[in-house]
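Number of protein chains: 2
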Amino acid sequence: MTEKISRPLILVSNDDGITAKGVHELVKTLQKIGDVVCVCPDSPQSGMSMALTVNSSLKVQRLEDYEGARMYKVTGTPVDCIKMGVDNLLERKPDIVVSGINHGSNAAINVVYSGTMGAAFEGCAYGIPSVGFSLTSHDEDADFTPCLPVIEELVCRILKNGLPEGVCLNVNMPANVKEFNGLKVTKSCKGRWNDRYVEYRDPANRPFYWLAGEFVNEEPDNKDTDEWCLTHGYVSVVPVMLERTYPELSEFSWIPEKI
Amino acid sequence: MTEKISRPLILVSNDDGITAKGVHELVKTLQKIGDVVCVCPDSPQSGMSMALTVNSSLKVQRLEDYEGARMYKVTGTPVDCIKMGVDNLLERKPDIVVSGINHGSNAAINVVYSGTMGAAFEGCAYGIPSVGFSLTSHDEDADFTPCLPVIEELVCRILKNGLPEGVCLNVNMPANVKEFNGLKVTKSCKGRWNDRYVEYRDPANRPFYWLAGEFVNEEPDNKDTDEWCLTHGYVSVVPVMLERTYPELSEFSWIPEKI
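Here's what the structure looks like:
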């Protein structure tokens, strides 16, 4: 039995937008643990990384509560949603930022483009323990059922243990698995997108382009990667950092001290 | 005298958009070193990080050549510009990606939000040596003159020495300095934005918000930071990495193997 001493304050966001199934499933689960305030983009923001609106203004609209949670939509990016939540909508700094559940994988190189992880990194920049959850299915009506106990347990453990400064978690879960084989703390797989632009013609015969491509896994047999976990039925938990500086500064002695 | 054996192919982009002074100064300088193809956003994209257009299409328009360089504008983000350049516009993989010159600092935490650095990181993801240049002035007509010899020399040295896999350079230069005191290879300064949203009212009295705030330097006396360099007249060169995985996975033993 959970004693009702002080319920944690949980800020939720995502990048698929306020109408996505994934964020509703997340809110419902997290309401068991704490008081949820959900601040999401009003439109899909997949691939928005840590994009931040600086050259225009934002509108915010409060919606009907969902399962007891306060719900807002913002005309911006996932990062904007976290900033708006922390700076303008919440009465106090939240105890945790939870982003997702994303419809689609954010494993490997996808972590750098992910708006879901953009929101988690932004929480991290505020010094708030933060985590992003993704399911490897783009289906709008994906079955998130197996994810929910994992999310509940991990969020409770993060609240209890905290996270290192500047570090958040990128959690990916394999779709179409009845029961996960387990969880692994692992690292981002090396790989890249083999991109191409598909050319179309508009009614006036002017070209326009849509990005297509396939992910190429450069270490498919490496068991210590998030991609391996996902293809073998495991949940991957990758601790990811906000820090960008490459630590081996001595490798750059060819950069002159004076020009 | 430069022998015309094979001129390097240089892909240029920025986040201030194709009309910005900074990118024109950059193109002019780089044409001395190699063949420049410039692919920039058609609108300002500051703060766009590594945002990538996945849910809509892109248009590309070739403009008049500038100082011998091929110029294109794309209806997308800096990352889109790099992808469009490499995948669709260039005849071969470029020898270097150069982004900027940004109107404004990309030191400290700004590196994570920067569209200028988004383009450089994207070049890096293709395995191309990549560098972003920024001047600490938002003035549309900023004086980039002292930057140009630094850029020319650094780009030549990068072409010669290469960069470690997954690492690019974030170069910031102080504005309003007649002559730089020198260059320092250094690290991102710890600090954060003290944000707030300024509230306005539209003609129908509905609120809208604009982000404001000040950067708080958490280590102002640390000489080994980019911010210190910039406030003391030095050019800061920060090697930055695409890798996100936090290396100390053993700190997460509290994450259960099974739920």
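Residue numbers (our numbering), protein chains in the order written: chain A, 1 to 259; chain B, 1 to 259. Heads up, the beta-carbon is just placed ideally off N, CA and C, and yes, glycines get one too.
Reducing DSSP to helix, strand and coil, say where residue i ends up.
| i | result |
| --- | --- |
| S250 of chain A | helix |
| I260 of chain A | Beyond the ends of chain A as shown, which are 1 and 259, falls residue 260 of chain A; an answer cannot be given. |
| M244 of chain A | In the sequence on display, residue 244 of chain A carries Arg and not Met. Looking at R244 of chain A - three-state DSSP - the assignment turns out to be coil, as it is neither helix nor strand. |
| L58 of chain A | strand |
| R70 of chain B | strand |
| D226 of chain A | helix |
| I101 of chain B | strand |
| N88 of chain B | helix |
| G182 of chain A | strand |
| K32 of chain A | coil |
| M117 of chain B | helix |
| I96 of chain A | strand |
| K190 of chain A | coil |
| L163 of chain A | coil |
| V149 of chain A | Per the sequence shown, residue 149 of chain A should be read as Pro rather than Val. It is helical. |
| G22 of chain A | helix |
| I199 of chain A | Here the sequence assigns Glu to residue 199 of chain A, which means Ile is not the residue at that position. Reduced to three states, the DSSP call for E199 of chain A is strand. |
| G123 of chain B | helix |
| L135 of chain B | strand |
| L154 of chain A | helix |
| N110 of chain A | helix |
| P207 of chain A | strand |
| P44 of chain A | coil |
| D65 of chain A | strand |
| V237 of chain B | strand |
| V216 of chain B | strand |
| V39 of chain B | strand |
| V79 of chain A | helix |
| V27 of chain A | helix |
If I measure Cβ to Cβ from residue i and keep anything under 6 angstroms in the same chain, skipping five residues before and after, which residues do I get?
| i | result |
| --- | --- |
| R92 of chain A | none |
| A51 of chain B | T77 |
| E122 of chain A | V79 and I82 |
| V198 of chain B | W210 and A212 |
| G162 of chain A | P129 |
Taking residue i as the query, report the chain D residues whose CB atoms sit under 8 angstroms from its CB, ordered along the chain.
| i | result |
| --- | --- |
| N161 of chain A | Any reference to chain D falls outside this structure, whose protein chains are A and B. |
Who are the near neighbours of residue i in its chain, counting only those whose CB is closer than 7 angstroms to its CB and skipping five residues on each side?
| i | result |
| --- | --- |
| A245 of chain A | Reading off the sequence shown, one finds Thr at residue 245 of chain A, where the question assumed Ala. Closer than 7 angstroms at Cβ, skipping near neighbours: no residue. |
| L30 of chain B | I10, V12, V36, V98 and V155 |
| S43 of chain B | G17 |
| V177 of chain B | P146 and G233 |
| M48 of chain B | D15, T77, P78, G115 and G118 |
| K28 of chain B | E67 |
| E219 of chain B | C189, K190 and T225 |
| T53 of chain B | G76, T77 and D80 |
| E251 of chain B | none |
| H138 of chain B | H103 and G104 |
| T2 of chain A | Confidence at T2 of chain A is low in this model, with a pLDDT of 49, below 50, so its placement is unreliable and the value that follows should be read with caution. Nothing listed; no residue qualifies. |
| V58 of chain A | Val is not the amino acid found at residue 58 of chain A; the sequence shown has Leu there. Within the same chain, L58 of chain A has close Cβ partners V74, T75, G76, D80 and M84. |
Taking 8 angstroms as the limit between beta carbons, can you name the residues of its chain near residue i, skipping five residues before and five after?
| i | result |
| --- | --- |
| N106 of chain A | S114, T116, M117, G132, S134, N170 and N172 |
| A142 of chain B | K21, G22, H103, L135 and A175 |
| N181 of chain B | H232, G233 and Y234 |
| R201 of chain B | P207 and F208 |
| V216 of chain A | G191, R192, W193 and N194 |
| I33 of chain A | R7, P8, I10, E152, V155, C156 and L159 |
| E248 of chain B | none |
Since residue i contacts residue j with CB under 8 angstroms, what's their CB separation in whole angstroms?
| i | j | result |
| --- | --- | --- |
| V60 of chain B | M84 of chain B | 6 angstroms |
| D297 of chain B | P8 of chain B | Residue 297 of chain B lies beyond the residue range present for chain B, which begins at 1 and ends at 259; the question has no answer from this structure. |
| I255 of chain B | R157 of chain A | 7 angstroms |
| E25 of chain A | I101 of chain A | 6 angstroms |
| R196 of chain A | D87 of chain B | 6 angstroms |
| A125 of chain B | R192 of chain A | 6 angstroms |
| S236 of chain A | N55 of chain B | Actually they do not touch by this definition, with Cβ atoms about 25 angstroms apart. |
message: What are the residues in the region 122-137 of chain A lying within 7 angstroms of chain B by C-beta distance?
response: A125
query: Are the region 221-240 of chain B and the region 159-178 of chain B touching by the rule of at least three beta carbon pairs closer than 8 angstroms?
result: yes
- request: Would you check if there are 3 or more beta carbon pairs closer than 8 angstroms linking the region 169-188 of chain B to the region 221-230 of chain B?
  value: yes
message: Check whether the region 142-153 of chain A and the region 207-221 of chain B are in contact - that is, three or more C-beta pairs closer than 8 angstroms.
response: no
- prompt: Given 8 angstroms as the limit, is there contact between the region 35-42 of chain B and the region 65-75 of chain B, that is, 3 or more CB pairs closer than that?
  reply: Counting C-beta pairs closer than 8 angstroms gives three or more between the region 35-42 of chain B and the region 65-75 of chain B, which meets the contact rule.
message: Closer than 7 angstroms between beta carbons: that is the criterion. Which residues of the region 223-255 of chain B meet it against chain A?
response: So the list reads V237, V238, P239, V240, M241, L242, R244, T245, Y246, L249, E251, F252, W254 and I255, given in the order they occur along the chain.
message: If the cut-off is 9 angstroms on Cβ atoms, which residues from the region 81-93 of chain B count as contacting chain A, listed in chain order?
response: K83, M84, V86, D87 and N88
message: If the cut-off is 9 angstroms on Cβ atoms, which residues from the region 90-119 of chain A count as contacting chain B, listed in chain order?
response: I109, V111, V112, Y113, G115, M117 and G118
field: Contact set between the region 13-39 of chain A and chain B, restricted to residues whose Cβ is under 8 angstroms from the partner
entry: none
Where the region 54-65 of chain B meets chain A: residues whose CB sits under 9 angstroms from a CB there: V54, N55, S56, S57, L58, K59 and V60
query: When Cβ atoms are compared, which residues of the region 161-185 of chain A fall closer than 7 angstroms to chain B?
result: N161, P164, V167, G182, L183 and V185
Against chain B: residues of the region 204-223 of chain A by CB proximity under 7 angstroms: F208, Y209, W210 and L211
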